[in-house]
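S.K.: Residue numbers (full-length UniProt numbering): 1 to 91.
#1: In angstroms with no decimal places, state the Cα-to-Cα distance between residue 83 and residue 57.
#2: Distance check for residue 25 and residue 47, CA to CA, integer angstroms please.
#3: How long is the line joining the alpha carbons of residue 27 and residue 1, rounded to whole angstroms?
#4: Alpha helix (DSSP H) containing residue 90: first to last residue?
#5: I'd like to check one pair, residue 49 with residue 90: are the Cβ atoms closer than 8 Å?
What follows is the structure in structure tokens.
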């Protein structure tokens, strides 16, 4: 939901790598509000400390990238706080 419509660095296929010139088409970007992302972060933060640490960290990174793209400073503030508090690992 958060990453749809974006490509991750290193995950695009160049036509020179293979015989076919098939390059996967990006799906349309889903518009999300900053309030939705903040609510989503609350659930992810809970999940991170309840046996979903690795997936939660990946989701926080994806939300942070989306917040930077959409210029949501309140979401960037929360994602940075979660990233900094989670740098020590699950407790």
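Cβ coordinates follow ideal geometry from the N, Cα and C atoms, glycine included. Bear in mind that the values here come from a model prediction, so they are computed numbers and not experimental data.
M.R.: Reading from the atomic positions:
#1: For the purposes of this step, residue 83 is taken as the residue at position 83 of the chain shown. For the purposes of this step, residue 57 is taken as the residue at position 57 of the chain shown. Using only the alpha carbons, I get a separation of about 8 Å.
#2: Translated into the one-based positions of the chain shown, residue 47 becomes position 47. Translated into the one-based positions of the chain shown, residue 25 becomes position 25. When rounded, the separation of the alpha-carbon atoms in residue 47 and residue 25 is 32 Å.
#3: Residue mapping note: residue 27 aligns to position 27 of the chain shown, counting from 1. Residue mapping note: residue 1 aligns to position 1 of the chain shown, counting from 1. The straight-line gap from Cα to Cα measures roughly 11 Å.
#4: Residue 90 sits at position 90 when you count from the first residue of the chain shown. Membership of residue 90 in any alpha helix (DSSP H) is not indicated, and neither H nor E is assigned to it by DSSP.
#5: Locating residue 90 in the chain shown gives position 90, where the first residue counts as 1. Locating residue 49 in the chain shown gives position 49, where the first residue counts as 1. In this structure, residue 49 lies closer than 8 Å to residue 90 by Cβ.
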